[in-house]
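Comments concern the structure below.
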Amino acid sequence: MSTPQNIPQMQAMNNAKISGSPDAHQIHFSIPSPVPTRRNRTFSQSERAKSAPVLKGTIKSFCRQRGHGFITPEDDSPPIFVHISDIDGEFVPKEGDEVSFRTILIPPRMEKKQAAHVVITHLKPGVTHERWDSPVPPTSS
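Residue numbers (full-length UniProt numbering): 1 to 141.
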């Protein structure tokens with residue numbers, strides 16, 4: 001049976017951490033999003049989205065800073081999640097805008113739906129709409 005050895009902590013000459021030590025680099029991992037966006041959908045998911053029927057609805061809410069919102073479908077079914085990468089066109093959607101969209105199931109359970117290929121068909125009157133290339137307005141906290 002081997003005996004445990006006491007390994008001394010190694011330090012560089014100038015008392016700096018050695019580059020191979022675990023504390024030398026702070027590695028930050030981001031948790032992957034469970035929602036597939038347009039950028040990370042598989043080819044088959046994209047094909048299913050393109051072949052889905054076009055539906056109509058109204059923007060219930062959308063947060064440009066967070067990059068997502070919800071659409072209330074015309075048929076009064078539950079609100080559908082929409083990701084910023086799935087919005088086509090030059091304007092940021094605002095509450096009350098009328099949209100057309102397609103839906104896809106959200107993996108892995110394939111129980112809930114997500115909007116894809118979202119197009120604003122009618123801007124809500126009386127509301128100032130920003131373009132995607134305009135600066136993001138500050139949030140009120």
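Backbone N, C-alpha and C define an ideal beta-carbon position, used for all residues, glycine too.
From a predicted model like this one, the values you see are computed outputs, not experimental measurements.
query                                                                                                       : result
E90 versus R131 - alpha carbon distance                                                                     : 6 Å
Under the three-state DSSP convention, the category S51 falls into                                          : helix
Pair within 8 Å by beta-carbon distance, L55 and R109                                                       : no
As assigned by DSSP and simplified to three states, the class of S85                                        : helix
Outcome for V136 when other beta-carbon atoms lying within 10 angstroms are tallied against a minimum of 16 : exposed
As assigned by DSSP and simplified to three states, the class of Q114                                       : strand
Pick from S85, H83, G57, R66 that is closest to E74, judged by C-alpha positions                            : G57
Closest by C-alpha distance to P125, when choosing among G96, P107, L105                                    : G96
6 Å Cβ shell around S100 - same chain, five flanking residues per side excluded                             : V54, K56, V119, T121
D76 classed as buried or exposed, judged by whether at least 16 other C-beta atoms fall within 10 angstroms : exposed
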